[in-house]
Every structure is written in C-alpha cells, then in structure tokens.
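Chemist: Have a look at this one.
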Amino acid sequence: MSSRLTVEQVPVDVVLPLRSAVLRNGGPAGTPGDDDPATLHLAARRHDGAVVGVVRLAAAPCPWRPDARAPWQLRGMATDPAVRGTGAGRALVEAGLALVADRGADLVWCNARETAVGFYERMGFTVLTGPFDVEPIGPHLGMLKDLGARTGPVGGRRSS
Numbered sequence: 001m002s003s004r005l006t007v008e009q010v011p012v013d014v015v016l017p018l019r020s021a022v023l024r025n026g027g028p029a030g031t032p033g034d035d036d037p038a039t040l041h042l043a044a045r046r047h048d049g050a051v052v053g054v055v056r057l058a059a060a061p062c063p064w065r066p067d068a069r070a071p072w073q074l075r076g077m078a079t080d081p082a083v084r085g086t087g088a089g090r091a092l093v094e095a096g097l098a099l100v101a102d103r104g105a106d107l108v109w110c111n112a113r114e115t116a117v118g119f120y121e122r123m124g125f126t127v128l129t130g131p132f133d134v135e136p137i138g139p140h141l142g143m144l145k146d147l148g149a150r151t152g153p154v155g156g157r158r159s160s
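Numbered according to UniProt numbering, the sequence shown terminates at residue 160, and the numbering increases by one at each position without gaps.
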C-alpha cells in the first residue's frame with residue numbers, strides 16, 4: 001500500500017457514494033443494518049482526502065457455519081477502478097479483519113462477486129459455495145475466512 005493511503009473508520013454517509021458508483025451503477029447503495037452503531041464502515045483515502053475504497057463489516061450469522069461463535073459479514077466492498085491493484089482493497093480488508101478480530105470475531109464471511117473471488121482468495125478466504133445469482137447484481141460465491149479462537153466481546157458489541 002502506498003504511504004499516501006490511509007484507512008479509517010467513517011460514518012456510513014462517507015461510503016455510500018463509492019458503493020453506489022462501483023457496485024450499483026449509480027443506484028441506491030444503502031443496505032439494512034448500515035445505521036447500526038456496531039456496524040463498521042471503513043474508507044481508504046488518498047493523501048488529498050478522496051475516498052478510493054470502502055468496506056462494511058457487521059456481526060451476522062454465517063449461513064455455512066451456523067456453529068460460529070462470533071461471525072461477521074464483509075459486504076459493500078468497493079474500490080475506485082483507478083486505484084485497483086495498488087493495495088487499497090488489501091489495506092481495507094486487512095484493517096477490517098484486525099478490527100473485527102479485536103471485537104472477538106471467529107470468522108468473516110462474504111458473498112463475493114465472481115469477478116472478486118481471486119482477490120478474496122489472495123486475502124485468505126476460501127470458496128464454500130458454487131455460484132448463485134444475486135438479483136440484479138449477478139453471480140456470487142460464498143466465501144469465508146476463519147480467524148480462529150479469539151478473546152474479547154462477542155458479536156461486535158463491547159461490554160461496559
């Protein structure tokens with residue numbers, strides 16, 4: 001990753017424009033749970049402050065590992081096409097995995113677009129399903145990254 005790129009936790013309104021442009025062809029990009037205080041929204045910014053990548057992580061049951069103690073879902077991952085291959089996506093996922101691990105996550109799962117499966121595999125995710133269609137977006141595959149046993153709060157909520 002370039003030293004001119006930072007990753008930070010941000011409010012949902014910061015991530016929506018890039019999610020809309022990259023993932024929804026300019027359409028609505030909000031998803032249920034975006035406003036939940038336990039949901040994490042991360043943005044990768046260039047030195048000039050421009051948001052060039054975003055991701056959302058939220059505690060959510062994993063459909064393929066119902067026995068998971070503290071699963072989190074990664075979704076809404078988007079990078080500006082102009083910065084793909086520069087490490088922005090990797091930086092976002094690494095930062096997100098570290099944050100949820102600190103919150104006690106034992107795994108992270110996602111529904112990955114077919115075109116992004118290789119990226120997630122390089123990040124240590126494993127394909128768990130065959131292709132399935134997400135209307136109106138297209139083919140996805142279920143993927144998971146096991147974070148192993150962790151200590152700390154369960155489900156993304158810190159105790160007082």
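Beta carbons: idealized from backbone N, C-alpha and C, even for Gly.
The structure displayed is predicted, hence computed values, not measured ones.
Can you give the Cα-Cα distance for Ala60 and Ala70, rounded to whole angstroms?
Modeler: Spanning the two alpha carbons is a distance of roughly 8 Å.
Chemist: Tell me which same chain residues have a C-beta within less than 8 Å of the C-beta of Arg158, skipping the five on either side of it?
Modeler: Residue placement at Arg158 cannot be trusted, given a pLDDT of 33 that sits under 50; the coordinates are not used to answer.
Chemist: Tell me, to the nearest whole angstrom, how far the beta carbon of Leu42 is from that of Glu8; I am working on the premise that it is less than 8 Å.
Modeler: With 8 Å as the limit, Leu42 and Glu8 qualify as a contact, their Cβ atoms being about 7 Å apart.
Chemist: Do you know offhand how far Val54's Cα is from Pro63's?
Modeler: Each residue's alpha carbon lies about 24 Å from the other.
Chemist: Buried or exposed: where does Arg19 fall if 16 or more other Cβ atoms within 10 Å of its Cβ makes it buried?
Modeler: With 16 or more other Cβ atoms within 10 Å, it is buried.
Chemist: Just to confirm before moving on: does the CB-CB distance between Thr129 and Leu141 stay below 8 Å?
Modeler: It is a contact, given that the beta carbons lie within the stated cut-off.
Chemist: Measure from the C-beta of Ala101 to each C-beta in chain D and report whether the shortest distance is under 8 Å.
Modeler: Going by chain labels, chain D is absent from the structure shown, which holds only one protein chain.
Chemist: Could you name the residues of the same chain whose beta carbon sits closer than 6 Å to that of Val10, not counting the 5 residues immediately before and after it, in chain order?
Modeler: Taken in chain order, the residues that qualify are His41, Ala43.
Chemist: Just reading off the alpha helix (DSSP H) that Pro17 is part of, what are its end residues?
Modeler: It spans 12 to 23 - the alpha helix (DSSP H) in which Pro17 sits, taken as one unbroken run.
Chemist: Does DSSP classify Gly138 as helix, strand or coil?
Modeler: Here Gly138 sits in strand by DSSP.
Chemist: Taking three-plus beta-carbon pairs below 8 Å as touching, is the stretch 98 to 112 in contact with the stretch 73 to 83?
Modeler: Taking 8 Å as the limit for Cβ pairs, the verdict is that the stretch 73 to 83 does touch the stretch 98 to 112.
Chemist: If you run the structure through DSSP and keep just helix, strand and coil, what is Pro131?
Modeler: In the structure shown, Pro131 sits in coil (DSSP, three-state: anything other than H, G, I, E or B).
Chemist: Which term fits Gly156, buried or exposed, when burial requires 16 or more other beta carbons within 10 angstroms of its beta carbon?
Modeler: Legend: pLDDT at Gly156 = 40, less than 50; position of this residue unreliable, no value from coordinates given.
Chemist: Return the bridge partner residues of Thr126 from the DSSP annotation.
Modeler: Paired residues: Leu144.
Chemist: Do Val51 and Val14 have their C-beta atoms within less than 8 Å of each other?
Modeler: Yes, the Cβ-Cβ distance between Val51 and Val14 is below 8 Å.
Chemist: Cα separation between Leu16 and Gly30?
Modeler: Taking the straight line from one Cα to the other gives about 7 Å.
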